Amino acid sequence: MSHHSSPAMKLLAAPFLLMLAGLVVWPLANVLIDSFSKGGAWSLGNYAEILTSAYYGQSFVNSLLISFSTTAIGMIFGFLIAVSLRYRKGGTRRVAMALANIGANLAGVPLAMALVFLLGLNGTLTIVLKASGLIGSFNVYSLTGLIIAYCYFQIALAVLLIIPVLDGIETELEEAASLIGVGTTRFWLRVGLPVVGRQMIAIATLLLANAMGTYATTLALTGTSINVVTIRISELVSGDVFSDPNLANAIAIALLLVLVVPIVISQLLLKGDKR
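Going by full-length UniProt numbering, the sequence shown opens with residue 1, and the numbers climb by one from there.
Structure below.
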């Protein structure tokens, strides 16, 4: 019997497995079971309502629109920043990484307040842009405002995740490309990106899930005025007028299924890369 499969090693893993069962498996099982309950009876009514309701359908459309757009923006800018930091060493890179770490974890009320002060109706940047004639009006409490807010932490998170991936590309490969006259831009488009393509897909999947599950920033910036999935779930769980926890559970399961598709695809691609 190998050392890693000994009873002692399995015993050491028991606390983690118990914690996983108590914090993930058990709550998820309860959510799934309760999602099939409507009016005190077993039913598919909650899922039927989600599929037939334009209101809930629009919440998924808005959430997917925000998530895909901010994931694309985050990946593009995150990649460009990560490439530039690849050629920076020492203090500059450490400071940039520290700022990216702060940005990736700054969400909710602090981020919403910062955006209001900067891009609100009387925000500093809004006043400057209006005075210069670049914009006529801008409403930060809108879908566009949410996309800007999400981009803040999506780009920062992308930088943190992409830098280690790019560091895995051997410098000798880039030097060899340079010797045959391949420029930096062409190297990354023709060589660099194809080499790390599957890892980039995995990072994009993580950004997508991060955006789909964001709640605090949305609530702090726009309240319940923007129809997105996380806000609808919150209203159904804690709402005073339209409370329906079982329907909220069904929406949560539907959201999980939406996220499972890109996650499974990315995992299959990563397994193919290992082979």
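We treat Cβ as the ideally placed atom computed from N, Cα and C, and that holds for glycine.
Since we're looking at a predicted model, the values are computed, not measured.
Beta-carbon separation of cysteine 151 and phenylalanine 77 under 9 Å?
Residue 151 sits at position 151 when you count from the first residue of the sequence shown. Residue 77 sits at position 77 when you count from the first residue of the sequence shown. Yes; because the gap between Cβ atoms is below 9 Å, this pair is in contact.
Mapping the DSSP letters down to three states, classify methionine 1 as helix, strand or coil.
Translated into positions along the sequence shown, residue 1 becomes position 1. Annotation note: pLDDT 45 at methionine 1 (below 50); position unreliable, coordinate value reported separately. It is coil, neither helix nor strand.
How should residue 281 be labelled, buried or exposed, when 16 other C-beta atoms within 10 angstroms of its C-beta is the threshold for buried?
With the chain covering 1 to 275 only, the question about residue 281 has no answer from this structure.
On the CB-based measure, 16 or more other CB atoms within 10 Å of its CB, does methionine 19 come out buried or exposed?
Walking along the sequence shown from the start, residue 19 turns up at place 19. That one is exposed.
Bridge partners of serine 37, per DSSP?
Position 37 of the sequence shown, counted from the start, is the residue given in the question as residue 37. Its beta-bridge partners are Trp42.
Is it right to say proline 7 is buried, meaning 16 or more other beta carbons lie within 10 angstroms of its own, or is it exposed?
The residue labelled residue 7 in the question sits at position 7 within the sequence shown. It is exposed - the Cβ of proline 7 has fewer than 16 other Cβ atoms within 10 Å.
Can you tell me where the alpha helix (DSSP H) holding threonine 184 begins and where it ends?
For the purposes of this step, residue 184 is taken as the residue at position 184 of the sequence shown. Where threonine 184 is concerned, the enclosing alpha helix (DSSP H) stretches over 184-187.
Assuming threonine 218 contacts threonine 230 under a Cβ cut-off of 8 Å, what Cβ separation, rounded to an integer in Å, is found between them?
Position 218 of the sequence shown, counted from the start, is the residue given in the question as residue 218. Position 230 of the sequence shown, counted from the start, is the residue given in the question as residue 230. About 6 Å separates the two Cβ atoms, so the contact holds.
For valine 116, report the span of its alpha helix (DSSP H) as first-last.
Along the sequence shown, one-based indexing puts residue 116 at 116. Taken as a continuous stretch (DSSP letters only), the alpha helix (DSSP H) holding valine 116 covers 109-119.
Taking the straight line between their C-alpha atoms, what separation do you get for isoleucine 135 and threonine 124?
Looking up residue 135 in the sequence shown gives position 135. Looking up residue 124 in the sequence shown gives position 124. Their backbone Cα atoms lie some 13 Å apart in a straight line.
Can you tell which of Tyr55, Met200, Ser63 and Val24 has its C-alpha closest to the C-alpha of threonine 214?
Locating residue 214 in the sequence shown gives position 214, where the first residue counts as 1. With distances taken between Cα atoms, threonine 214 lies closest to Ser63.
With DSSP collapsed to three states, give me the class of asparagine 101.
Looking up residue 101 in the sequence shown gives position 101. Asparagine 101: helix per DSSP, three-state reduction.
To the nearest angstrom, how far is it from the Cα of asparagine 227 to the Cα of glutamate 172?
Residue mapping note: residue 227 aligns to position 227 of the sequence shown, counting from 1. Residue mapping note: residue 172 aligns to position 172 of the sequence shown, counting from 1. If I take the Cα positions, the gap works out to 50 Å.
Classify valine 31 as helix, strand or coil using the three-state DSSP reduction.
Indexing the sequence shown from 1 puts residue 31 at position 31. Three-state DSSP puts valine 31 in a helix.
In chain order, what residues of the same chain have a beta carbon less than 8 Å from the beta carbon of leucine 129, not counting five sequence neighbours either side?
Numbered from 1 along the sequence shown, position 129 holds the residue referred to as residue 129. Excluding positions up to five away in sequence, the list reads Ile135 and Phe138.
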